[in-house]
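Participant:
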Amino acid sequence: MPALKVPKREAEPVKRKLKKLGLYDGKRRPRRKGEFVLLPVTDDPAVRGLGYEVLPLELPLRPERQIYKNLESVLAERLTPEELKHLRRYDVVGDIAVVQIPRELRHRVDDIVWGLRKVHPFLKVVAQKGFHEGAFRIREYSIIWGERRLETVHKENGVEIKVDLSKAFFNPRMKGERYRLAQLVRDGERVLIPFAGVLPYALVIARYKKVKITAVELNEDAYRLGLENIELNRKRLKGEIEFIHGDAFSVLRELPTYDRVISPTPRDVDALAITLSKAERWLHYYDFIHEAEIEDFKERIMEECSRQGKECEVRVKKVSDFKPRVFKVCADVRIKG
Ligand SMILES: C[S@@+](CC[C@H](N)C(=O)[O-])C[C@H]1O[C@@H](n2cnc3c(N)ncnc32)[C@H](O)[C@@H]1O
Numbered sequence: 012m013p014a015l016k017v018p019k020r021e022a023e024p025v026k027r028k029l030k031k032l033g034l035y036d037g038k039r040r041p042r043r044k045g046e047f048v049l050l051p052v053t054d055d056p057a058v059r060g061l062g063y064e065v066l067p068l069e070l071p072l073r074p075e076r077q078i079y080k081n082l083e084s085v086l087a088e089r090l091t092p093e094e095l096k097h098l099r100r101y102d103v104v105g106d107i108a109v110v111q112i113p114r115e116l117r118h119r120v121d122d123i124v125w126g127l128r129k130v131h132p133f134l135k136v137v138a139q140k141g142f143h144e145g146a147f148r149i150r151e152y153s154i155i156w157g158e159r160r161l162e163t164v165h166k167e168n169g170v171e172i173k174v175d176l177s178k179a180f181f182n183p184r185m186k187g188e189r190y191r192l193a194q195l196v197r198d199g200e201r202v203l204i205p206f207a208g209v210l211p212y213a214l215v216i217a218r219y220k221k222v223k224i225t226a227v228e229l230n231e232d233a234y235r236l237g238l239e240n241i242e243l244n245r246k247r248l249k250g251e252i253e254f255i256h257g258d259a260f261s262v263l264r265e266l267p268t269y270d271r272v273i274s275p276t277p278r279d280v281d282a283l284a285i286t287l288s289k290a291e292r293w294l295h296y297y298d299f300i301h302e303a304e305i306e307d308f309k310e311r312i313m314e315e316c317s318r319q320g321k322e323c324e325v326r327v328k329k330v331s332d333f334k335p336r337v338f339k340v341c342a343d344v345r346i347k348g
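Structure (structure tokens):
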């Protein structure tokens, strides 16, 4: 895949434009080169019409893609090039690999398990994932190899997170996002996290910052795991975490306001009004939005801000792919004054 050589100060706007045109290759990492940035682009003739030099250069893959590539190269020994095209991205949670096996590869399950164990020799379980179900966002899984369990301890951002994929939601792909938020939070802040799950956001933030966090979760299993996670990480945490078991929509009504609210909102739940009403300076609100509706989403937030008499500034960041052209996004809402 080629790279576009762009002056450093133009890199961000050009990157946005490339993304809009579908010409940016998000699987690869950009690279600095003196006063220039090399942006990874797709092999599309349209990149040549943008007025920048196009270099024939393979920029390195992002780490999560690199792992996937490793599996692809290992499996090249056993699968045909046509079969390799059907391989999907997978996750590793603790010592469990979570895979999706499309219809075209069902006859290759043993080979895929073999490949995964070669790339990750520490694996104890390989599970196939189904869909997220119900308000607690728990997936269906079937174990296709190894020990019959979906409980494990996952390490991320300097904390250990006990999870049980059969009982509570957990998404390892949000690692970078959790780190981003931990960097934004300042020592001394009071932070509210409704929809807290097994506490991944709270743990990572408290690991790095001396803060007071109040977290709320309705699923009793997630709540119990979250309490265990506080104990598991007790010695590493700079901040304090108070964990409340209950329905965020009723619990939040009884709570005061906070410097910052982080809402990893479950899909199809609208918690904008209540979470914004609890935020004094910042709200980070997650939702699933079609690319074409990002401006409407921003507008909806601005309308809610004026309804609540708050002067706000909103930036929406795409956090991960969800479906074609639908993204998990985070609205970073700054409340002025
Ligand atoms: C998308 S998950 C996020 C979990 C966690 N923050 C994470 O990132 O791993 C949403 C969480 O909200 C919880 N939940 C759903 N409805 C809730 C409610 N009314 N009150 C509190 N928690 C709720 C679910 O059980 C789930 O753990």
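Per my numbering, the very first residue in the sequence shown carries number 12; after that it's consecutive. Don't be surprised by glycine CBs; every beta carbon is placed ideally from N, CA and C.
Would you verify that the beta carbon of Val-327 is, or is not, closer than 8 Å to some beta carbon of chain C?
Facilitator: Protein chain content of the structure displayed is limited to a single chain, and chain C is not contained in it.
Participant: Identify every run of the alpha helix (DSSP H) within the region 78-112, keeping only runs that are complete inside it and at least 4 residues long; order them along the chain.
Facilitator: 92-95
Participant: Among the residues of its own chain, which have a CB less than 7 Å from the CB of Asp-106, if the five just before and after it don't count?
Facilitator: Phe-133, Leu-134, Lys-135, Val-136 and Thr-163
Participant: The alpha helix (DSSP H) with Gln-139 in it runs from where to where?
Facilitator: Looking at the DSSP string, Gln-139 is not in any alpha helix (DSSP H); the run it does join, the beta strand (DSSP E), is 136-144.
Participant: Does at least one heavy atom of ligand 1 sit under 7 Å from the Cβ of Asn-182?
Facilitator: yes
Participant: Can you say whether His-295 is buried or exposed, counting buried as having 16 or more other CB atoms within 10 angstroms of its CB?
Facilitator: buried
Participant: Pair every Cβ in the region 246-263 with every Cβ in the region 305-318, then say whether three or more of these pairs are closer than 8 Å.
Facilitator: no
Participant: Report the option in Asp-279, Cys-341 and Ile-312 whose CA atom is closest to the CA atom of His-143.
Facilitator: Asp-279
Participant: Excluding sequence positions up to five away, which residues of its chain have a Cβ less than 6 Å from the Cβ of Lys-178?
Facilitator: Only Asp-232 meet the Cβ criterion.
Participant: Check whether the Cβ atoms of Leu-32 and Ala-14 sit closer than 8 Å, and answer yes or no.
Facilitator: Ala-14 is positioned such that its CB atom lies no closer than 8 Å to that of Leu-32.
Participant: I need the boundaries of the beta strand (DSSP E) containing Phe-254, first residue and last residue.
Facilitator: 251-256
Participant: Is it the case that the CB of Asn-240 approaches a heavy atom of ligand 1 more closely than 7 Å?
Facilitator: no
Participant: Among Gly-208, Arg-247, Trp-293 and Asn-168, which residue has its Cα nearest to the Cα of Val-202?
Facilitator: Trp-293
Participant: Kindly indicate the opening and closing residues of the beta strand (DSSP E) around Thr-286.
Facilitator: Unbroken run through Thr-286 is the alpha helix (DSSP H), 283-288; no beta strand (DSSP E).
Participant: For Tyr-190, I'd like the list of residues in its chain whose CB is within less than 7 Å of its CB, leaving aside the five on either flank, ordered along the chain.
Facilitator: Asn-168 and Val-215
Participant: Roughly how many angstroms separate the alpha carbons of Ser-288 and Glu-310, rounded to a whole number?
Facilitator: 17 Å
Participant: Residue range of the beta strand (DSSP E) that Phe-260 falls in?
Facilitator: Here Phe-260 belongs to no beta strand (DSSP E); instead the alpha helix (DSSP H) covers 259-265.
Participant: For Lys-221, name the three-state secondary structure that DSSP assigns.
Facilitator: Looking at Lys-221 - three-state DSSP - the assignment turns out to be coil, as it is neither helix nor strand.
Participant: Out of Val-104, Gly-320 and Ile-300, state which residue places its alpha-carbon closest to the alpha-carbon of Glu-171.
Facilitator: Taking Glu-171 as reference, the option from Val-104, Gly-320 and Ile-300 with the minimal CA-CA separation is Val-104.
Participant: Going by the C-beta, is Asn-244 closer than 7 Å to any heavy atom of ligand 1?
Facilitator: no
Participant: Taking 6 Å as the limit between beta carbons, can you name the residues of its chain near Phe-333, skipping five residues before and five after?
Facilitator: Phe-299 and Lys-339
Participant: Report yes if the CB atom of Tyr-63 is closer than 8 Å to the CB atom of Lys-96, and no otherwise.
Facilitator: no
Participant: I believe Pro-275 touches Tyr-212 by the beta-carbon criterion, under 8 Å. Please report the beta-carbon distance rounded to the nearest angstrom.
Facilitator: Indeed, because the Cβ distance is near 6 Å, the residues count as touching under 8 Å.
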